[in-house]
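Top line first, the protein sequences correspond to chains F and G.
If you number the first sequence the way our numbering does, the last residue is 378 and the count never jumps.
If you number the second sequence the way our numbering does, the last residue is 67 and the count never jumps.
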Amino acid sequence: MVKLRYLKEWVYVNNYAFNLETKKLINLKNLDFDQSVIDSVVFKDLVNSDLSINYQKKTANQILALEITEECNYRCSYCFEGNNCQIKKGSLDFQTACFVIDKLPDGSQLRFFGGEPLLKFQLIKDLVKKYPQHSYSLVTNGSLITRDIAQFLSENKFSIGLSYDGFGWQEKNRISENHASQSEFENAVKLLSDAKAYIGISTVITKESIPHLYDIHLEVFDDYPINGWAYLIGYTSDMTLKDLDVFRENVLGIVNDFPATHLLKINDLRKWSMKITGEWPIDRFCGAGACYKAVTSYGEERFCPFFLRESSCYGPSIGLKEVDCKKCSIWNYCKGGCLALNLFGSGSTFKSHPFSCKKNHIYFEAGLKTRIKVKEELENI
Amino acid sequence: MESFKVYSNSERKEKRENILSKYSRVVKTVLCDTPCSTPCDTPCSTPCDTPCG
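In structure tokens form, the structure reads like this:
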């Protein structure tokens, strides 16, 4: 009988224990096992045969993020673009936008972001009118949404990502002209909800908000009629590896306390659960530099919005052959992680960074637990 | 100064139950066939980090 001597290396999932380093899997129901049997079990075999559901892999959609304008009516202290958006005035013009969009296959997604994209609402309207063959999404602080704009977004089936970073916190750190970002947000939710628009919330997690992640999650899903939640962690400069321990407690708290049907409304949990069963539609961490591209307000192409100010990060496509962490136990799911986080942390898109690496190991664990819940819930239908 | 909402255990329990009652419907299909701009109750397969519902 083999004893579980190296407990810290094991991830426990329901009746299974999985070793992140060796990829060995143990069914805890059968503790009297033969080591040779265990050695022959690799994790991939389990998830593919046991956890996956009937699923045909999708083709990744092309997404083009358009920085409609770099101007913003807010000055958030933690914005990844810096907080001087009110003095930036660059805006995309209609002809430049058309030049880029014309290269896309039908059925692509146009994602409008900024700055605050609704400062240039007329340009959005013009592009929607010209390109009815695409779908649309919008990332906005919501402050400029009116009843008419909400109606327009709903009628054109926009997927809307309203930025919201937690009650009180955003009131003090998301500075708008009238210092009422909370009420502006709530007004936007009401207008969009009345128009039956599709609302998601996008939250920037900072060092200060990490301990509150679980409660922010309760807040956004209970207080507002939203369909999905995405949060970004690591894109502010003050995070440490120790903060990720608190992050892990919060994320796993959510995973443990809620059913899969709810967890799949949370972007990263859905993404990682798909990675684990091979459902993720692209063989890399995300679509950046492949099927997901951004265009700056000056018409320059970038890998994704996080590379807006990185003039070296452009091009039609980038490969992953140079990434330096292929021997990692979760390489097949992570593929080197977020290229932007790598660049910001290590100075190279292809050099993995300890923060990103630890974050991805946490998500691997959370995604695994989420996927097992999916399986269990489907079995109980 | 930060001022997040911090819930007591009983408030957390209440909010959790509220959320569960709102989202109690079980879906048989985990992934939908349509691009993520289409309003539906199931998650899409778009590989990005912004919410698509």
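From the three backbone atoms N, C-alpha and C, an ideal C-beta is built for every residue, glycine too.
In this text, all values refer to a predicted model and were calculated from it rather than measured experimentally.
For chain G, is any of its Cβ atoms less than 9 angstroms away from the one on F255 (chain F)?
yes
Is Q59 (chain F) helix, strand or coil when you go by DSSP?
coil
Do the region 101 to 120 of chain F and the region 56 to 69 of chain F make contact, defined as three or more Cβ pairs closer than 8 angstroms?
yes
So, is the C-beta of I213 (chain F) closer than 9 angstroms to a C-beta in chain G?
yes
Endpoints, alpha helix (DSSP H) assigned at Y211 (chain F):
Element bounds for Y211 (chain F): L210 to D220.
Inspect the beta-carbon positions of F347 (chain F) and F18 (chain G) and report whether they are closer than 9 angstroms.
no
Please list the terminal residues of the continuous beta strand (DSSP E) segment that includes G225 (chain F).
G225 to I230
State yes or no: is the beta carbon of H259 (chain F) nearer than 9 angstroms to at least one beta carbon in chain G?
yes
Identity of the residues DSSP links to K187 (chain F) by a beta bridge
K187 (chain F) pairs with nothing; no bridge assigned.
Contact set between N32 (chain G) and chain F, taken where Cβ atoms lie within less than 7 angstroms
Going along chain F in sequence order, the residues near N32 (chain G) (Cβ under 7 angstroms) are D219.
At 9 angstroms on the CB atoms, spell out the chain G contacts of W328 (chain F), in chain order.
Chain G residues near W328 (chain F): none, gap ~17 angstroms exceeds 9 angstroms.
Would S206 (chain F) and I213 (chain F) qualify as a contact pair, given that the criterion is a beta-carbon distance under 9 angstroms?
yes
At the level of alpha carbons, what is the spacing between F255 (chain F) and S24 (chain G)?
16 angstroms
Integer Cβ distance of N170 (chain F) from C73 (chain F), believed to fall under 8 angstroms
6 angstroms
Does the beta-carbon distance from T203 (chain F) to Y360 (chain F) come in below 9 angstroms?
No, these two residues do not count as a Cβ contact at 9 angstroms.
Are the region 216 to 223 of chain F and the region 324 to 342 of chain F in contact at 8 angstroms, needing three or more beta carbon pairs?
With a cut-off of 8 angstroms, the region 324 to 342 of chain F and the region 216 to 223 of chain F do not count as touching, because too few Cβ pairs lie within range.
Residue(s) in a DSSP beta bridge with A291 (chain F):
Bridge partners of A291 (chain F) according to DSSP: F:A62 and F:R299.
Closest to G231 (chain F) by CA distance: which of F:G342, F:E168 and F:I263 is it?
F:G342
Going by C-alpha to C-alpha distance, which of F:G112, F:R368 and F:V320 sits closest to K272 (chain F)?
F:R368
Confirm, please, whether the CB-CB distance from L365 (chain F) to W269 (chain F) is below 9 angstroms.
yes
If you compare alpha carbons, which of F:W277, F:C354 and F:H259 is closest to E31 (chain G)?
F:H259
Excluding the five sequence neighbours on either side, which residues of its own chain have a C-beta within less than 7 angstroms of the C-beta of D47 (chain F), listed in chain order?
Its pLDDT being 40, under 50, D47 (chain F) is placed unreliably by the model, and the measurement read from it follows with that caveat. Result list for D47 (chain F): empty, nothing under 7 angstroms.
Relative to the C-alpha of A337 (chain F), which candidate in F:D103, F:L89, F:F304 and F:L210 has its C-alpha closest?
Distance check between A337 (chain F) and each of F:D103, F:L89, F:F304 and F:L210 places F:F304 closest, using alpha-carbon atoms only.
Excluding sequence positions up to five away, which residues of its chain have a Cβ less than 6 angstroms from the Cβ of A192 (chain F)?
A147, Q148 and S151
Are I251 (chain F) and A194 (chain F) closer than 9 angstroms when you measure CB to CB?
no
Among the residues of its own chain, which have a CB less than 8 angstroms from the CB of D240 (chain F), if the five just before and after it don't count?
If we look at D240 (chain F) and ignore the five residues flanking it on each side, its Cβ neighbours are K204 and I207.
Excluding the 5 residues preceding and the 5 following Q179 (chain F) in the sequence, name in chain order all residues of the same chain whose CB lies nearer than 6 angstroms to its CB.
E168
Proximal residues of chain G, C-beta to C-beta of G163 (chain F) below 8 angstroms:
F18 and K19
Can you give the Cα-Cα distance for V371 (chain F) and L124 (chain F), rounded to whole angstroms?
39 angstroms
Indicate whether S105 (chain F) and S134 (chain F) have their beta-carbon atoms separated by less than 9 angstroms.
no
Find out if the Cβ-Cβ distance for the pair L89 (chain F), Y221 (chain F) is shorter than 9 angstroms.
no
In whole angstroms, what separates the C-alpha of P129 (chain F) from that of D103 (chain F)?
In this structure, the alpha-carbon of P129 (chain F) lies about 9 angstroms from that of D103 (chain F).
Proximal residues of chain G, C-beta to C-beta of E216 (chain F) below 7 angstroms:
K19
Does any CB atom of chain A fall closer than 9 angstroms to the CB of H209 (chain F)?
The structure shown contains no chain A; its protein chains are F and G.
Backbone secondary structure at R281 (chain F) - three-state DSSP:
coil
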